[in-house]
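Engineer: Mapping of the sequence shown onto our numbering: position 111 corresponds to residue 111, and the numbering continues sequentially without gaps.
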Amino acid sequence: MALRIVGVPPVDLHGPLHYLGVMDPLCGGTRATFLLLSGDLAGAARYNPIVFPLAAVAVLVFARAVVGMTTRRWLDVQLGRMSRIAAWTALALALVLLEVRQQLNADLLMQAWPA
1 MALRIVGVPP VDLHGPLHYL GVMDPLCGGT RATFLLLSGD LAGAARYNPI VFPLAAVAVL
61 VFARAVVGMT TRRWLDVQLG RMSRIAAWTA LALALVLLEV RQQLNADLLM QAWPA
């Protein structure tokens, strides 16, 4: 919420590879989060689509924490070996695809954020 109130930080958050044109999967995440909180869903998706599932997970974790603190009941999720392998494989594939997508949008991601 602070990002929505204060805005995008005026400091440079990029790593050294960014200036060589190498984008990472989270590149554009700060801008996407700001745009999502501002209600610009298309702009958020343009900068980094991972902001949508991350925001959903953050809301669900917060809601579950509130329920847990209120009821004193917590979830104990245990996945089997094959489910863990499938989950890690899906996560790795999603990150690779996001990396490719972000690299294809390097021109957009390297532009300066309007002040």
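Positions of the beta carbon are idealized from the N, C-alpha and C atoms, including for glycine. Keep in mind that this is a model prediction, so the values were computed, not measured.
Can you give the beta carbon distance from G28 to Q102, rounded, assuming they're within the 8 Å contact cut?
Structural biologist: Along the sequence shown, one-based indexing puts residue 28 at 28. Along the sequence shown, one-based indexing puts residue 102 at 102. G28 to Q102, Cβ: 7 Å. Contact.
Engineer: Below 9 Å between beta carbons: does that hold for L36 and A55?
Structural biologist: Along the sequence shown, one-based indexing puts residue 36 at 36. Along the sequence shown, one-based indexing puts residue 55 at 55. Yes, these two residues count as a Cβ contact at 9 Å.
Engineer: Taking the alpha helix (DSSP H) that L26 falls in, what are its first and last residues?
Structural biologist: Numbered from its first residue, the sequence shown carries residue 26 at position 26. Careful: L26 lies outside any alpha helix (DSSP H) and carries neither H nor E.
Engineer: Give the secondary structure of R73 by DSSP, where H, G and I count as helix, E and B as strand, and everything else as coil.
Structural biologist: As a working mapping, residue 73 is identified with position 73 in the sequence shown. Coil.
Engineer: Looking only at its own chain, which residues have a Cβ that is under 6 Å from the Cβ of Y47, when we skip the five neighbours before and after it?
Structural biologist: Counted from its first residue, the sequence shown places residue 47 at position 47. The answer, listed in chain order, is G28, R31, A32.
Engineer: Please report the residue range of the alpha helix (DSSP H) in which V8 lies.
Structural biologist: Against the sequence shown, residue 8 aligns to sequence position 8. Run containing V8: none; DSSP gives neither H nor E here.
Engineer: If we ignore side chains and look at the alpha-carbon of each, how far apart do T89 and N105 end up?
Structural biologist: For the purposes of this step, residue 89 is taken as the residue at position 89 of the sequence shown. For the purposes of this step, residue 105 is taken as the residue at position 105 of the sequence shown. Taking the straight line from one Cα to the other gives about 24 Å.
Engineer: Which two residues bound the contiguous alpha helix (DSSP H) that contains W88?
Structural biologist: As a first step, residue 88 is located in the sequence shown; it is residue number 88 there, counting from the start. First-last of the alpha helix (DSSP H) with W88: 81-104.
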